[in-house]
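Chemist: Numbering (our numbering), first residue to last: 1061 to 1446. For every residue, glycine included, the Cβ atom is placed at its ideal position computed from N, Cα and C. To start, I am sharing the structure in question, which I have written as structure tokens.
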Amino acid sequence: MENKLNNWENGRWIGQTLEVENGVCALPANKEYKLDYNDDVKLATDHLYAGVSNFIPKFEWPAYAPLVHAINTLKKDKNAVILAHNYMTPDIFGLIGDYTGDSLGLAVEATKTNASIIVQGGVHFMAETSKILCPEKRILIPSLRAGCSLASSITGEDVKLIKKKYPGLPIVTYVNTSADVKAESDICCTSSNAVAIVEYIAKKWNVDKVIMLPDEYLAKNVAKQTPIEVIAWHGRCEVHARFSSSDIKDMREENPGVVVLAHPECPPDVVSESDFTGSTKAMSDYVSKNKPKNVILLTECSMSDNVAMQNPETKFVRPCNLCPHMKRITLENIYECLRNEKYEITLSEALRKKAHKAVMDMINVDFDPLKGHFDPSLSATNVKVI
Ligand code: SF4
């Protein structure tokens, strides 16, 4: 792989980082941690550099290595693990993450670990999902400001009102929601299993219509794949909603032969223009399996960086929409989170149990992973948005 730094100029990131506090491996700030790049640190960390050499300039490594070493030492001392979401920057994903993947995959991994502390490298709803599944463990999130436009588009009270307005219809809720929204839902879904869950719950309730919350675009993309009628909420992921079909046409013109992969949180016309649409895991699997020469991932920017780390033979064209919420998790605040053991996620047991049922009912549904791939050629159907 050519050793070229994408979107870097004079050692600094020149992408969208300016809008957020931490871009792609933004240089750790000098916060007087008194952490030196000494011989012990070198010995413990220098072998890790190769994995992130396309994202961290060599001359900046001495600024990262002491924090990486301090975090990895704290993890051992405190019996802690770090769950690193696919949208974390490559320094977090590749250097300190013990488990990597999508939000539900991470929460399920959390149930299998013997660690007593889990640090969520991700946003608030993900940390809540880990707490829902692992009530006996301490779940910490490094920044309370790591939210989500989808999760904040709806509350548990909204769901109660929807249930009153549409009695007899099941509520399918995307995992990208708060615990109180999950607790009011009949079943959860992910972007991998959304079509299967909609069909499963419609059959179970003997109805031909379901309510799907809160992502309007995911609901519309699901509706294209199934005869079940879908009623949607007006929530959107501010990262995926920004892509447009004209962006894809421009990118195809500029990069002949490029393969375009889209996340189903993108608008339906973007999905129609893509070559493949699926969850973050499905996209990552697609690249590993098909090894396209040139690929564009229409999803959060760090995802491309992280998939690129595992697929050095593929060239990634990066349209680069960063999630400002995800970028609030940094090496520094993970270090402080572990050191000071904050911020801890707590949920009332009554609420946790209700949310747990919605999540577990989903996990217990057997589904064909191919059903999680969205056929871009299917035409749009009418979806009522409430
Ligand atoms: S990428 Fe979208 S869905 Fe994910 S945390 Fe950011 S705003 Fe929320």
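Whose C-alpha, out of Asp1310, Asn1393, Lys1284, is nearest the C-alpha of Pro1436?
Modeler: Of Asp1310, Asn1393, Lys1284, the residue nearest in Cα terms is Lys1284.
Chemist: Give the DSSP bridge partners of Tyr1234, in chain order.
Modeler: Looking at the DSSP assignment, Tyr1234 forms a beta bridge with Cys1249.
Chemist: Whole angstroms are fine: how far does the CA of Lys1402 sit from the CA of Ile1178?
Modeler: Going by the C-alpha atoms only, they are around 11 Å apart.
Chemist: Indicate whether Gly1111 and Met1369 have their beta-carbon atoms separated by less than 8 Å.
Modeler: It is a contact, given that the beta carbons lie within the stated cut-off.
Chemist: Would Phe1119 be called buried (16 or more neighbouring beta carbons within 10 Å of its own) or exposed?
Modeler: Exposed.
Chemist: Return the Cβ separation of Thr1105 and Ala1125 in integer angstroms, given the expectation that the two are a contact with Cβ distance under 8 Å.
Modeler: Going by Cβ atoms, the distance from Thr1105 to Ala1125 rounds to 4 Å, so yes, they are a contact pair.
Chemist: So, at 7 Å on beta carbons, what are the nonlocal neighbours of Glu1289 in its own chain, with the 5 sequence-adjacent residues on each side left out?
Modeler: Closer than 7 Å at Cβ, skipping near neighbours: Asp1268, Lys1269.
Chemist: So, with DSSP's three-state summary, where would you put Val1258?
Modeler: Note: Val1258 maps to helix in three-state DSSP.
Chemist: Rounded to whole angstroms, how far is the Cβ of Ala1415 from the Cβ of Ala1140, which I believe are closer than 8 Å?
Modeler: Ala1415 to Ala1140, Cβ: 24 Å. No contact.
Chemist: Where do the ends of the alpha helix (DSSP H) carrying Tyr1395 lie?
Modeler: Element bounds for Tyr1395: 1391 to 1400.
Chemist: What would DSSP say about Arg1205, mapped onto helix, strand or coil?
Modeler: Coil at Arg1205, not helix or strand.
Chemist: Output the residues surrounding the ligand SF4, defined as those with a CB atom closer than 7 Å to any ligand heavy atom, in chain order.
Modeler: Result (chain order): Tyr1147, Val1183, Cys1208, Ser1209, Leu1210, Ala1211, Asn1236, Cys1297, Glu1298, Val1299, His1300, Glu1325, Glu1360, Cys1383, His1385, Met1386.
Chemist: Give the straight-line distance between the Cα atoms of Pro1088 and Ala1130, rounded to the nearest whole angstrom.
Modeler: Between Pro1088 and Ala1130, the C-alpha separation is close to 13 Å.
Chemist: Taking C-alpha atoms, which residue in Leu1210, Gly1228, Glu1244, Thr1171 lies nearest to Lys1413?
Modeler: For Lys1413, the nearest C-alpha among the options comes from Glu1244.
Chemist: Might you give, ordered along the chain, the residues of its own chain that have their beta carbon closer than 8 Å to the beta carbon of Lys1417, omitting 5 neighbours on each side?
Modeler: Around Lys1417: no qualifying Cβ.
Chemist: Relative to the alpha-carbon of Ala1170, which residue among Met1311, Ser1190, Leu1155 has its alpha-carbon at the smallest distance?
Modeler: When each option's Cα is compared against that of Ala1170, the closest is Ser1190.
Chemist: Just verifying my parser: in three-state terms, what is the DSSP assignment at Val1318?
Modeler: In the structure shown, Val1318 sits in coil (DSSP, three-state: anything other than H, G, I, E or B).
Chemist: Which of helix, strand or coil does DSSP assign to Phe1115?
Modeler: If DSSP states are grouped into helix, strand and coil, Phe1115 belongs with coil.
Chemist: Thinking C-beta only, is Pro1230 closer than 8 Å to Trp1265?
Modeler: Contact flag set, yes.
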